[in-house]
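This is how it looks when you write it as structure tokens:
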């Protein structure tokens, strides 16, 4: 039995199903991301885990004990809200120690634990300040310290980096991951940001319309997406309309590829732009490689890489190359190659009828 288990959780709001049959097992000390777009049910799942929302069906178990109907204050979970939810009239120290005060811990012990928690999040000496005197990153650290000081069984983070600027978000990603690992604390992290999920967690549960579409390591989710939705949502990918030949191989832009096509129905081939490489048209195709030809439409410098848009007989695709590579003139005829095993066929969704 895993340390934390969510079993067939469901939550409805009137005629809408927010969470539908969600099951998830988390090991002690593991960090798991609930990743998905707005409205996919990830925050509702986290709030049910915290005891802030009652599930309509299903069970939650922590360390072998069912806590599905246990009040939030008895679950021993630390929650970091998206808005931080700091008390503006209290000092940093009082904010961090609030949960300990509610538990009846004596003042001397509160002071000691608050000092330790603030040092852990690199805010030593700021216990006398008010939240309004802090930067956004410092406020985020206070909220994290408040969640950690109670020594929670599980740490819950709800889009807790979304209000920070890009540079600070990058810093806090690494800091939170480092703290989580050093404490060995079981963590669930809700985010819509794939970079946060890929860099901060041991495993990712991708959610789509109230359900978990795929659970796996960051590498599994990125390299081996189980569904078209996961392939489109996590990372960037070219979705290339293809057909099949009589032998069941995929045909793209008039070229037969060493890729097995689905048995029936229309489909697209998904290929990551980073997996593609531009070569001269005259270069022969090696075994195990896929190849198409096309014309360069434009090249765009994007800092650490260059995006090249190519047009072929059946549409367009994007290739990413490292900055500093030789520029290609617009209109140049080139070939694009990639490992055939990096090609993922997915059925094309049915077009919805316009009412």
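In my numbering, the protein residues as written are 36 to 390. Virtual Cβ for every residue (Gly too), placed ideally from N, Cα, C. Keep in mind the model is a prediction, meaning the values are calculated, not measured.
Residue i and residue j closer than 8 Å at C-beta
i: residue 61; j: residue 38; result: yes
i: residue 189; j: residue 176; result: no
i: residue 372; j: residue 307; result: no
i: residue 225; j: residue 46; result: no
i: residue 364; j: residue 335; result: no
i: residue 65; j: residue 193; result: no
i: residue 178; j: residue 230; result: no
i: residue 338; j: residue 369; result: no
i: residue 149; j: residue 171; result: no
i: residue 347; j: residue 288; result: yes
i: residue 81; j: residue 191; result: yes
i: residue 131; j: residue 152; result: yes
From the options, residue whose alpha carbon lies closest to that of residue i
i: residue 101; options: 107, 40 and 56; result: 40
i: residue 57; options: 242, 206, 65 and 176; result: 242
i: residue 44; options: 63, 338, 71 and 103; result: 103
i: residue 55; options: 274, 42 and 87; result: 42
i: residue 309; options: 202, 344, 328 and 329; result: 344
i: residue 52; options: 79, 105, 235 and 64; result: 79
i: residue 108; options: 99, 126, 138 and 129; result: 138
i: residue 381; options: 336, 337 and 262; result: 262
i: residue 84; options: 105, 205, 65 and 74; result: 105
i: residue 305; options: 217, 370, 374 and 86; result: 374
i: residue 72; options: 240, 348 and 315; result: 240
i: residue 391; options: 270, 271, 180 and 338; result: Because the chain is modelled from 36 through 390, residue 391 falls outside the range shown and cannot be assessed.
i: residue 228; options: 89, 152 and 270; result: 270
i: residue 283; options: 290, 289, 272 and 297; result: 297
i: residue 36; options: 120, 292 and 99; result: 99
i: residue 118; options: 203, 253 and 199; result: 199
i: residue 301; options: 233, 213, 274 and 333; result: 274
i: residue 393; options: 232, 315 and 320; result: Nothing can be reported for residue 393, as the shown portion of the chain is limited to 36 through 390.
i: residue 349; options: 290, 233, 316 and 164; result: 290
i: residue 97; options: 89, 232 and 110; result: 110
Through-space distance from residue j to residue i, alpha-carbon basis
i: residue 166; j: residue 197; result: 18 Å
i: residue 299; j: residue 276; result: 14 Å
i: residue 142; j: residue 93; result: 40 Å
i: residue 123; j: residue 174; result: 11 Å
i: residue 256; j: residue 185; result: 33 Å
i: residue 341; j: residue 91; result: 49 Å
i: residue 134; j: residue 378; result: 51 Å
i: residue 388; j: residue 208; result: For residue 388, the pLDDT reaches just 43, beneath the cut-off of 50, and the residue's location in the model is therefore unreliable, leaving the point undetermined.
i: residue 278; j: residue 376; result: 18 Å
i: residue 70; j: residue 286; result: 33 Å
i: residue 215; j: residue 63; result: 12 Å
i: residue 219; j: residue 211; result: 12 Å
i: residue 390; j: residue 183; result: Note that residue 390 has pLDDT 40, beneath the 50 cutoff, so the model's placement of it is unreliable and the number below is only indicative. Cα to Cα, the separation comes out at about 51 Å.
i: residue 201; j: residue 265; result: 24 Å
i: residue 159; j: residue 140; result: 21 Å
i: residue 294; j: residue 354; result: 19 Å
i: residue 95; j: residue 187; result: 16 Å
i: residue 281; j: residue 356; result: 35 Å
i: residue 126; j: residue 206; result: 25 Å
i: residue 367; j: residue 161; result: 60 Å
i: residue 260; j: residue 223; result: 21 Å
i: residue 49; j: residue 251; result: 32 Å
i: residue 384; j: residue 86; result: 37 Å
i: residue 268; j: residue 258; result: 13 Å
i: residue 314; j: residue 303; result: 23 Å
i: residue 204; j: residue 254; result: 22 Å
i: residue 163; j: residue 120; result: 18 Å
Interface flag, residue i vs chain C, CB-CB below 8 Å
i: residue 326; result: Here there is only one protein chain, and chain C is not present.
Cβ-heavy atom distance, residue i to the ligand SAM, below 7 Å
i: residue 114; result: Among the components modelled here there is no ligand, and therefore nothing to report on the ligand SAM.
message: List, from N- to C-terminal side, the beta strand (DSSP E) runs of 3 residues or more that fit wholly inside the stretch 88 to 169.
response: 92 to 97 and 112 to 115
- prompt: Unbroken beta strand (DSSP E) runs of length 3 or more, entirely within the stretch 159 to 244: which are they?
  reply: Counting whole runs of 3 or more residues, the stretch 159 to 244 contains the beta strand (DSSP E) stretches 189 to 193, 221 to 226 and 238 to 243.
field: the stretch 313 to 326 contacting the stretch 245 to 264, beta-carbon criterion three pairs below 8 Å
entry: no
In chain order, each alpha helix (DSSP H) run of at least 4 residues that lies wholly inside the stretch 58 to 90: 77 to 85
Runs of alpha helix (DSSP H) wholly within the stretch 234 to 320 (minimum 4 residues, chain order): 253 to 258 and 263 to 268
task: List in chain order: all unbroken beta strand (DSSP E) runs of 3+ residues lying wholly within the stretch 37 to 61.
output: 39 to 48 and 51 to 61
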